[in-house]
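Enquirer: In the numbering used here, the protein residues as written are 3 to 410.
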Ligand SMILES: [Zn+2]
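(1) Can you grab the Cα-Cα spacing for the pair residue 17 / residue 134, in whole Å?
(2) Buried or exposed, going by whether 16 or more other CB atoms sit within 10 Å of the CB of residue 243?
(3) Just checking residue 171 against ligand 1 - is the residue's beta carbon closer than 8 Å to any of the ligand's heavy atoms?
(4) What whole-angstrom Cβ distance do residue 214 and residue 24 have, given they're in contact under 8 Å?
(5) Just the residues with CB closer than 5 Å to a heavy atom of ligand 1, in chain order, which are they?
(6) Which same chain residues, not among the five before or five after residue 96, have their C-beta less than 7 Å away from its C-beta?
(7) First and last residue of the beta strand (DSSP E) that includes residue 164?
(8) Residues in its own chain within less than 8 Å of residue 20 by CB, not counting five upstream and five downstream?
(9) Using a Cβ distance threshold of 8 Å, determine whether the region 321–341 contacts the region 368–381, with at least three qualifying pairs required.
(10) Taking the alpha-carbon positions, what's the residue 224 to residue 383 distance?
(11) Kindly indicate the opening and closing residues of the beta strand (DSSP E) around residue 396.
(12) Among 15, 91, 185, whose alpha-carbon lies nearest the alpha-carbon of residue 411?
(13) Given residue 389, which residues of its chain have a CB within under 6 Å of its CB, disregarding the five upstream and five downstream residues?
(14) Compute the Euclidean distance between the alpha carbons of residue 336 and residue 378, then round it to the nearest angstrom.
(15) So what's residue 334 in DSSP terms, helix, strand or just coil?
(16) If we ignore side chains and look at the alpha-carbon of each, how far apart do residue 288 and residue 230 end up?
(17) Using three-state DSSP, classify residue 70 as helix, strand or coil.
(18) Just to confirm my understanding: we take residue 14, look at its own chain, exclude 5 residues before and 5 after, and list those with CB closer than 7 Å. What are they?
(19) Check for me: the alpha helix (DSSP H) holding residue 51 runs from which residue to which?
(20) Residues bridged to residue 90 by DSSP?
(21) On a CA-only basis, which of 293, 251, 282, 268 is nearest residue 262? Give me that one, please.
(22) Using C-beta distances below 7 Å, list every residue in its chain close to residue 43, excluding the 5 sequence neighbours before and after it, in chain order.
(23) Mapping DSSP to helix, strand and coil, what is residue 78?
(24) In or out: residue 39 buried (at least 16 other Cβ within 10 Å) or exposed?
(25) Would you kindly work out how many angstroms separate the C-alpha atoms of residue 227 and residue 234, rounded to a whole number?
(26) For the region 210–298, which segments carrying the beta strand (DSSP E) assignment without a break, of at least 3 residues, lie completely within its bounds, in sequence order?
(27) Quick check: what's the CA-CA separation for residue 398 versus residue 65?
(28) Determine the contact status of residue 69 and residue 176, defining contact as a CB-CB distance below 9 Å.
(29) Let me check understanding here. Comparing Cα to Cα, which of 87, 174, 394 lies closest to residue 313?
(30) So for residue 22, helix, strand or coil by DSSP?
(31) Hey, how far is the Cα of residue 5 from the Cα of residue 409?
(32) Anyone know if the C-beta pair for residue 154 and residue 300 falls short of 9 Å?
(33) Pull up the distance between the alpha-carbon of residue 363 and that of residue 190, whole angstroms please.
(34) Applying the 10 Å Cβ sphere with the 16-neighbour rule, what's the burial state of residue 400?
(35) Taking just the CA atoms, how far does residue 166 sit from residue 291?
And the structure:
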């Protein structure tokens, strides 16, 4: 991609209400654009990051046998009345009447929709267990939507639902998904604490949160640095300085970002929405459900909170919008040839061919945060100056060496 053609340009001014690095840099770098509070467009750079995260999520969900599909965001009141959640969620769910006078809402989550499909289609133990997921925008009527894409009114989410005839089977899949989630976060460069949690506004059943330690977070957890032990402050019987019940190290308290959550509903939906299947003895049994969410747009913001410095973002290579940022300083002809060669070899390159000052180009490269910066200038004498975004050292290399380096 040539930067002269990239939609949009970087911005000098920071968003007025920006208090976090992710809000500031994602807007300034041209990754997202605000339409209204809590509602953002993912611009081409931001969309490239989202696409990479979604592909990691898809690989991990497909690996545990889940099937992808897409459910509607626009939903009728009726199924929500069956669980009582039309009333109980009326503050955070967008609800309205359409022109025919029928009430409808925008999905804040999809348990009702998926369970309705399941009860109409699944009758026998032979069809169970199975798991379905989607990657889709959700809507929440947040009173104070702030923090850029960290807490949106419309936001992207991966939600997965699994269905089982026995609690044992549900437990087994639930634990498998905890590992899948750990894989997703680790592939995105994030270290998570798996925290036992109360269900919050959605459920009182058994649930876990995936928390990333960060000052930008809104949650408080008690955790251990030496092992993976962690609990939500609200439900923990431990406090700072106590011995870790798992390894004996001193416990810490810190702010964290909730990057995912999973819930066991058991037979709650079977009872409310009447979903049953016959077991191998011909007996009618409730179809048990668990649901598993990862906020994709929030994950983008979380990665930036963890990986940034005073000059901008520092993307982990697995989710970076491009592999390399090629900058030409008065060497456009030679740089163009390098650009073409890198692309032929399958390397994703943002090529700064603009008629801007070197200072502007370097500042933009730091802000956008692509892992490798490649500079061609009269000083590099036919070679390319290579610098990693998170390092200060520069080295001169031939193009073939660079291809090898990036492929690693
Ligand atoms: Zn510990």
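For every residue, glycine included, the Cβ atom is placed at its ideal position computed from N, Cα and C.
Expert: From the atom records:
(1) Residue numbering aside, residue 17 sits at position 15 when the chain shown is read from its first letter. Residue numbering aside, residue 134 sits at position 132 when the chain shown is read from its first letter. Distance between residue 17 and residue 134, taken at the CA atoms: about 38 Å.
(2) Mapped onto the chain shown, residue 243 falls at position 241. With a threshold of 16 other beta carbon atoms within 10 Å, residue 243 falls short and is exposed.
(3) Taking the first residue of the chain shown as 1, we reach residue 171 at position 169. It does not: the Cβ of residue 171 is nowhere closer than 8 Å to a heavy atom of ligand 1.
(4) Translated into the one-based positions of the chain shown, residue 214 becomes position 212. Translated into the one-based positions of the chain shown, residue 24 becomes position 22. Going by Cβ atoms, the distance from residue 214 to residue 24 rounds to 12 Å, so no, they are not a contact pair.
(5) Counting every residue whose Cβ lies closer than 5 Å to a heavy atom of ligand 1, we get 226, 228, 229, 231, 246, 248, 249, 251.
(6) What you label residue 96 is simply residue 94 of the chain shown in a count that begins at 1. 107, 108, 141, 143, listed in sequence order.
(7) For the purposes of this step, residue 164 is taken as residue 162 along the chain shown, with counting starting at 1. Run containing residue 164: 156–166, per the beta strand (DSSP E) assignment.
(8) Counting from one through the chain shown, the residue named residue 20 turns up at place 18. Contacts found: 26, 29, 150.
(9) Touching, per the Cβ criterion.
(10) Here residue 224 is taken as the residue at index 222 of the chain shown, counted from 1. Here residue 383 is taken as the residue at index 381 of the chain shown, counted from 1. If I take the Cα positions, the gap works out to 55 Å.
(11) Locating residue 396 in the chain shown gives position 394, where the first residue counts as 1. Where residue 396 is concerned, the enclosing beta strand (DSSP E) stretches over 396–399.
(12) The chain is shown only over 3 to 410; residue 411 falls outside these bounds and no answer can be derived.
(13) As a first step, residue 389 must be located in the chain shown, where it is residue number 387. Cβ neighbours of residue 389 within its own chain (closer than 6 Å, five residues either side excluded): 375, 396.
(14) Taking the chain shown and counting its residues from 1, the one referred to as residue 336 is at position 334. Taking the chain shown and counting its residues from 1, the one referred to as residue 378 is at position 376. So the alpha carbons of these two residues sit roughly 8 Å apart.
(15) Taking the first residue of the chain shown as position 1, residue 334 is located at position 332. Note: residue 334 maps to helix in three-state DSSP.
(16) Residue numbering aside, residue 288 sits at position 286 when the chain shown is read from its first letter. Residue numbering aside, residue 230 sits at position 228 when the chain shown is read from its first letter. Cα to Cα, the separation comes out at about 34 Å.
(17) Here residue 70 refers to the residue found at position 68 when the chain shown is read from its first residue. Correct three-state label for residue 70: strand.
(18) Indexing the chain shown from 1 puts residue 14 at position 12. Cβ-Cβ distances below 7 Å link residue 14 to nothing in the same chain once the five nearest sequence neighbours on each side are left out.
(19) By 1-based counting over the chain shown, the position of residue 51 is 49. Run containing residue 51: 46–65, per the alpha helix (DSSP H) assignment.
(20) Here residue 90 refers to the residue found at position 88 when the chain shown is read from its first residue. Residue pairing of residue 90 in beta bridges, as defined by DSSP: absent, with no partner found.
(21) The residue labelled residue 262 in the question sits at position 260 within the chain shown. The shortest Cα separation from residue 262 among 293, 251, 282, 268 belongs to 293.
(22) Here the question's residue 43 lines up with position 41 in the chain shown. 34, 35, 37.
(23) Within the chain shown, numbered from 1, the residue matching residue 78 stands at position 76. If DSSP states are grouped into helix, strand and coil, residue 78 belongs with the strands.
(24) Your numbering for residue 39 matches position 37 in the chain shown. With fewer than 16 other CB atoms across the displayed protein chains lying within 10 angstroms of its CB, residue 39 is exposed.
(25) Counting from 1 along the chain shown, the entry for residue 227 is found at position 225. Counting from 1 along the chain shown, the entry for residue 234 is found at position 232. When only Cα atoms are considered, residue 227 and residue 234 end up about 15 Å apart.
(26) Those beta strand (DSSP E) runs which fall completely within the region 210–298 and span 3+ residues are 221–225, 232–234, 254–268, 278–280, 286–288, 290–297.
(27) The sequence position of residue 398 within the chain shown is 396, counting from 1. The sequence position of residue 65 within the chain shown is 63, counting from 1. Residue 398 and residue 65: Cα-Cα distance of roughly 41 Å.
(28) Taking the first residue of the chain shown as 1, we reach residue 69 at position 67. Taking the first residue of the chain shown as 1, we reach residue 176 at position 174. Going by C-beta atoms, residue 69 is not nearer than 9 Å to residue 176.
(29) Residue numbering aside, residue 313 sits at position 311 when the chain shown is read from its first letter. Per the C-alpha coordinates, the member of 87, 174, 394 positioned closest to residue 313 is 394.
(30) For this step, residue 22 is matched to residue 20 along the chain shown. DSSP places residue 22 in the coil class of the three-state scheme, outside both helix and strand.
(31) As a first step, residue 5 is located in the chain shown; it is residue number 3 there, counting from the start. As a first step, residue 409 is located in the chain shown; it is residue number 407 there, counting from the start. When rounded, the distance between both Cα atoms is 23 Å.
(32) Locating residue 154 in the chain shown gives position 152, counting from the first residue. Locating residue 300 in the chain shown gives position 298, counting from the first residue. Result yes, Cβ atoms of residue 154 and residue 300 sit closer than 9 Å.
(33) Stepping through the chain shown from its first residue, residue 363 is reached at position 361. Stepping through the chain shown from its first residue, residue 190 is reached at position 188. Their Cα atoms are separated by approximately 27 Å.
(34) Numbered from 1 along the chain shown, position 398 holds the residue referred to as residue 400. Here residue 400 is exposed: its Cβ has fewer than 16 other Cβ atoms, across all protein chains shown, within 10 Å.
(35) Position 289 of the chain shown, counted from the start, is the residue given in the question as residue 291. Position 164 of the chain shown, counted from the start, is the residue given in the question as residue 166. If I take the Cα positions, the gap works out to 6 Å.
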